[in-house]
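Novice:
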Amino acid sequence: MRVLLVEDNERVAQFIVSGLQDAGHAIDHTADGNDVLSWAARAAYDVIIVDRMLPGQVDGLAIIQALRKSEQRTPILILSALAAVDERIRGLRAGGDDYLTKPFAFEELLARLDALTRRTPGDGRATWLEVGDLRMDLLTRKVTRAQRKIALQPREFKLLEYLMRHADQVVTRTMLLENVWDYHFDPQTNVVDVHVSRLRQKIESDAEPPLLRTVRNAGYTLTASA
Amino acid sequence: MRSSAFTLAIGYVAVGVVALFLFAAPLWYAWRVTIQDSRTEILSADAQRLSDVFRRDGAAGLQKFIDTRVAMQIANERILLLTDAAYHRVAGNLAGWPSAVPATAGTYTVPVEFDGRRTQAVFVHASLPGGYELLVGRNLARFEPLERRFWYGLSAAAGALVLAGALIGALTRRALLTRIHSIRRTASAIVHGDLSHRLPTYDNGEELDTLSRMINGMLDQIEQLVHGIRNVSNSIAHDLRTPLAELRSRLEELSRGRPSGERAVAELDAAVADVDRVIHIFNALLRLAEIDTGMRRAGFLQVDAAEVAAAAVEFYLPAAELKGITLLFRSSGTAVLSGDRLLLAQALGNLIDNALKYAARGIVTVETRQRSDGAVEISVSDHGPGICEAERPRVVERFYRGDRSRGTQGSGLGLSLVEAVAKLHGSALELSDRGPGLRVVLTMALSGAAPTALAESRATTSPEAPACAQASKSPG
């Protein structure tokens, strides 16, 4: 993917730039918030990362609002040291698509960028999801693997749905908390892991090849085994 | 030194003196009008009678009449004098014409030599036919002491008033200054950092006492806050410094030892974990600060506590089962209150998490209930070891970690957050003993306003409450 980063802190910018380049992505970086509109107009970016507090008292939110006014539809991830819930709400209201609080783990950023750029494979229209031989019918809410029926609790269904919609992407625990449970806080427990391992037991019987992989220091990925 | 008490006393004295003189003035006036004027009238009438005698019996007749009158008087008050045209005495008890009385007829009050003494006298001077001059007067010597006594009395009263005023003023000032000095001493001790000082109170309900009580209440509050801050800063110092110290030594060792491959990566991962611990504490503190400002109240919505609790129970259910704990949820229908769904969820999550952590086995029950008065009760009960009574008020303190929680993961901020959320919702956190087990109850009024009975978090007593000493010996 092609990323535009608006961040004035050299150290953080370097961290993101080199990380994304290592992951095989193209990235442009500017420290000046006023450049963003012209940068965004020049090249087609898949996602824009905007820091909230930029030099010269520029609030990243103003940039986002300007971008949205100019009919710019590119997904925007807001990066901010402002962690309060209402700050997050303000960010999303201004037109941001996701909000990540500093300091952050790089894997978290990468997973969220992935989710932002790849979130429309037939969204909304599809009545079923499929990953390998795992199939989820969104209308009848039935889940099968090969011919085996899998009975899921409503929350497990939601968890699996999220994982399937983001198949082949890394999904972090925070993303699961936010999107499956709507918990925008850190419960400081490994409860998410317990939920995932239960789900794993249900969708992977002993004989079947694994689908749900744990990604070290990051989260989980649902992938059809090769 | 200027003092408001003294100024006030001076004012009172001045008013008193003025009142005294206002009282004396009509008295003085009445004296003048009734006594003096009627005296003059009597003298005039007397002079008229003597004139009649003169007209009837001639000068000799009047002379005789006067002599008789002078001889007759006992008090020696009346003064009579008849002179010829040259002002030479013809008859009467005055040696000669007093120089102060003018030649024209009229009434005069003048000093005169009478009876061998100098005295004040009032005269009516009448001219008679044939150049004779008649003086009818009265010696005022008898009234002088009376008048003098009146003025002395007035001055003495005024003096006494001034003296009493000064004395009372000085005493009031001293009493007031003593109190104010004690307030000032206390205040300056506090300014210098000793918050244990309190103003003396006397239980007499007077204004200064009420003020002292209020100031003492304020000082209690301040001391508590400062104590809290001191505790928190000590804890921050400890709880943040420890992982930072570990991190530092880890990085320094890494830099010095330069291990290769696997070990370096493992060390770096451990360093990142150290940083994450610091960030966790940091986030929890910021969250608490955010809640404490009360700003979140602006975003309060109607929330069904039963729904929030059900979701939280469902969230923790797999973790409970993994530990062999039965996590139950009970509710009597919806329990609607005005609040912040996310914060309630987090607070409830912390309570459930604690219950799962400390109640090694058994049943953990989450219950929501809407009382008939609209208040919502959320409770979490376990069959764990409970919290001993002495420890209960302390567990909500920031960074406080009981002996039992040593060695377990946690920042010591979990219950602090629950309490902060409870306060934000106008509620109180109530810890009680179930013997065995702990029961935590949050009671929230529908309006979100603090019901007075719940304004303070409290720990209810129970005879079966575990003893602190016993608790501290139990393994962590």
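Protein chains in written order, with the working numbering: chain A, -3 to 222; chain E, -2 to 473.
We treat Cβ as the ideally placed atom computed from N, Cα and C, and that holds for glycine.
#1: Determine, for residue 187 of chain A, whether the minimum Cβ-Cβ distance to residues of chain E falls below 7 Å.
#2: Count the other CB atoms within 10 Å of the CB of residue 124 of chain A; is the residue buried (16 or more) or exposed (fewer)?
#3: With 7 Å as the limit, tell me which residues of the stretch 168 to 200 of chain A have their beta carbon closer than that to any beta carbon of chain E; keep them in chain order.
#4: If we define contact as Cβ-Cβ less than 7 Å, is residue 71 of chain A a contact residue for chain E?
#5: Along chain E, which residues have their Cβ under 9 Å away from the Cβ of residue 47 of chain A?
#6: Got a sec: is the Cβ-Cβ distance from residue 77 of chain A to anything in chain E below 7 Å?
#7: With a cut-off of 8 Å on the beta carbons, I'd call residue 365 of chain E and residue 373 of chain E a contact; round off their distance for me.
#8: Does residue 134 of chain E come out as helix, strand or coil in the three-state DSSP assignment?
#9: With distance defined between alpha-carbon atoms, name the residue in A:185, A:208, A:58 nearest to residue 164 of chain A.
#10: Of all the CB atoms in chain A, is at least one closer than 7 Å to the CB of residue 350 of chain E?
#11: Please specify which runs of the alpha helix (DSSP H), each continuous and at least 4 residues long, are wholly inside the stretch 306 to 369 of chain E, giving them in chain order.
#12: Candidates E:261, E:278, E:98: which alpha carbon is nearest residue 241 of chain E's?
#13: For residue 510 of chain E, return the contacting residues in chain A, with the cut-off set at a CB-CB distance below 8 Å.
#14: Which residue from E:38, E:6, E:215, E:410 puts its Cα closest to that of residue 228 of chain E?
#15: Measure the C-alpha to C-alpha separation of residue 111 of chain E and residue 41 of chain E and round it to an integer number of angstroms.
#16: Rounded to whole angstroms, what's the CA-CA distance from residue 68 of chain A to residue 352 of chain E? Just pull it up for me.
#17: Going residue by residue through the stretch 95 to 128 of chain E, where are the continuous beta strand (DSSP E) segments of at least 3 residues, counting only ones entirely within it?
#18: In chain order, what residues of the same chain have a beta carbon less than 6 Å from the beta carbon of residue 220 of chain A, not counting five sequence neighbours either side?
#19: Can you check whether the C-beta of residue 107 of chain A is within less than 7 Å of a C-beta belonging to chain E?
#20: By Cβ distance, which residues of its chain are closer than 8 Å to residue 342 of chain E, with the 5 residues on each side in sequence left out?
#21: Inspect the beta-carbon positions of residue 80 of chain A and residue 287 of chain E and report whether they are closer than 7 Å.
#22: Note down, in chain order, each residue of its chain lying with its Cβ closer than 6 Å to the Cβ of residue 466 of chain E, except the 5 sequence neighbours on either side.
#23: Taking DSSP as the reference, what is the three-state secondary structure of residue 215 of chain A?
#24: Three-state secondary structure (DSSP) at residue 91 of chain E?
#25: Which residue spans inside the stretch 83 to 165 of chain A form an unbroken alpha helix (DSSP H) run of at least 4?
#26: Could you tell me which chain E residues have their CB closer than 7 Å to the CB of residue 80 of chain A, listed as they occur along the chain?
#27: Per DSSP, what kind of secondary structure is residue 299 of chain E in: helix, strand or coil?
#28: Which complete alpha helix (DSSP H) runs does the stretch 135 to 206 of chain E hold, if anything under 4 residues is left out?
#29: Using a Cβ-Cβ cutoff of 7 Å, what residues of the stretch 129 to 158 of chain A are near chain E? List them in chain order.
#30: If you reduce the DSSP assignment to three classes, tell me which class residue 207 of chain A lands in.
#31: Can you have a look at residue 148 of chain E and say buried or exposed, based on whether 16 or more other CB atoms are within 10 angstroms of its CB?
#32: What residues of chain A sit near residue 409 of chain E, judged by a beta carbon separation below 9 Å?
#33: When the Cα atoms are used, what is the spatial distance from residue 344 of chain E to residue 412 of chain E?
#34: Given residue 24 of chain A, which residues of its chain have a CB within under 6 Å of its CB, disregarding the five upstream and five downstream residues?
#35: Jot down the residue ranges of each uninterrupted alpha helix (DSSP H) in the stretch 38 to 77 of chain A, minimum 4 residues, whole runs only, in chain order.
#36: For residue 205 of chain A, which residues in chain E fall below 9 Å Cβ to Cβ?
Specialist: So, to answer that:
#1: Mapped onto the first sequence, residue 187 of chain A falls at position 191. So, interface residue.
#2: Numbered from its first residue, the first sequence carries residue 124 of chain A at position 128. That one is exposed.
#3: 177, 179, 180, 181, 182, 183, 184, 185, 187, 190, 191, 194
#4: Residue 71 of chain A sits at position 75 when you count from the first residue of the first sequence. No, residue 71 of chain A lies away from the interface with chain E (no Cβ there is under 7 Å from its Cβ).
#5: Taking the first sequence and counting its residues from 1, one reaches residue 47 of chain A at position 51. Per Cβ cutoff of 9 Å: no residues; residue 47 of chain A is ~18 Å from chain E at best.
#6: Here residue 77 of chain A refers to the residue found at position 81 of the first sequence. By this cut-off, residue 77 of chain A is not an interface position.
#7: Mapped onto the second sequence, residue 365 of chain E falls at position 368. Mapped onto the second sequence, residue 373 of chain E falls at position 376. Confirmed, Cβ separation roughly 7 Å.
#8: On the second sequence, position 137 is the one that residue 134 of chain E refers to. In this structure, residue 134 of chain E counts as strand in the three-state DSSP scheme.
#9: For the purposes of this step, residue 164 of chain A is taken as residue 168 along the first sequence, with counting starting at 1. It is A:208.
#10: Here residue 350 of chain E refers to the residue found at position 353 when the second sequence is read from its first residue. Cβ-Cβ to chain A under 7 Å: yes for residue 350 of chain E.
#11: 338 to 355
#12: As a position in the second sequence, residue 241 of chain E is number 244, starting the count at 1. Of the listed residues, the one whose Cα sits closest to residue 241 of chain E is E:278.
#13: Nothing in the structure corresponds to residue 510 of chain E, since chain E is present only between -2 and 473.
#14: Your numbering for residue 228 of chain E matches position 231 in the second sequence. Taking only the C-alpha atoms, the option nearest residue 228 of chain E is E:410.
#15: Here residue 111 of chain E is taken as the residue at index 114 of the second sequence, counted from 1. Here residue 41 of chain E is taken as the residue at index 44 of the second sequence, counted from 1. If I take the Cα positions, the gap works out to 20 Å.
#16: Along the first sequence, read from residue 1 onward, the residue named residue 68 of chain A stands at position 72. Along the second sequence, read from residue 1 onward, the residue named residue 352 of chain E stands at position 355. The alpha-carbon atoms of residue 68 of chain A and residue 352 of chain E are separated by roughly 49 Å.
#17: 103 to 111, 114 to 124
#18: In the first sequence, residue 220 of chain A corresponds to position 224, counting from 1. Once the five neighbours on either side are set aside, the close Cβ partners of residue 220 of chain A are 127, 128.
#19: Counting from 1 along the first sequence, the entry for residue 107 of chain A is found at position 111. Output row for residue 107 of chain A: interface = no.
#20: Indexing the second sequence from 1 puts residue 342 of chain E at position 345. For residue 342 of chain E, where only same-chain residues beyond five positions count, the Cβ hits under 8 Å are 305, 308, 309.
#21: Taking the first residue of the first sequence as 1, we reach residue 80 of chain A at position 84. Taking the first residue of the second sequence as 1, we reach residue 287 of chain E at position 290. Cβ distance < 7 Å, so residue 80 of chain A and residue 287 of chain E count as in contact.
#22: Taking the first residue of the second sequence as 1, we reach residue 466 of chain E at position 469. Residue placement at residue 466 of chain E cannot be trusted, given a pLDDT of 48 that sits under 50; what the coordinates show is reported in the next sentence. For residue 466 of chain E, where only same-chain residues beyond five positions count, there are no Cβ hits under 6 Å.
#23: As a working note, residue 215 of chain A is residue 219 in the first sequence. Residue 215 of chain A falls in the strand class under three-state DSSP.
#24: For the purposes of this step, residue 91 of chain E is identified with residue 94 of the second sequence, where counting begins at 1. Residue state, collapsed to three classes: coil.
#25: 102 to 113, 150 to 161
#26: As a position in the first sequence, residue 80 of chain A is number 84, starting the count at 1. The contacting residues are 287.
#27: In the second sequence, residue 299 of chain E corresponds to position 302, counting from 1. Strand.
#28: 141 to 188
#29: 151
#30: Here residue 207 of chain A is taken as the residue at index 211 of the first sequence, counted from 1. If DSSP states are grouped into helix, strand and coil, residue 207 of chain A belongs with coil.
#31: Residue mapping note: residue 148 of chain E aligns to position 151 of the second sequence, counting from 1. Flag for residue 148 of chain E reads exposed.
#32: Translated into the one-based positions of the second sequence, residue 409 of chain E becomes position 412. The premise fails here: residue 409 of chain E is roughly 12 Å from chain A at the closest Cβ pair, so nothing lies under 9 Å.
#33: By one-based count along the second sequence, residue 344 of chain E stands at place 347. By one-based count along the second sequence, residue 412 of chain E stands at place 415. If I take the Cα positions, the gap works out to 8 Å.
#34: The count along the first sequence starts at 1 and reaches residue 24 of chain A at position 28. Counting only Cβ-Cβ distances below 6 Å, and skipping sequence neighbours, we find 0.
#35: 56 to 65
#36: The sequence position of residue 205 of chain A within the first sequence is 209, counting from 1. By Cβ distance, chain E contributes nothing, its closest Cβ being about 24 Å from residue 205 of chain A, past 9 Å.
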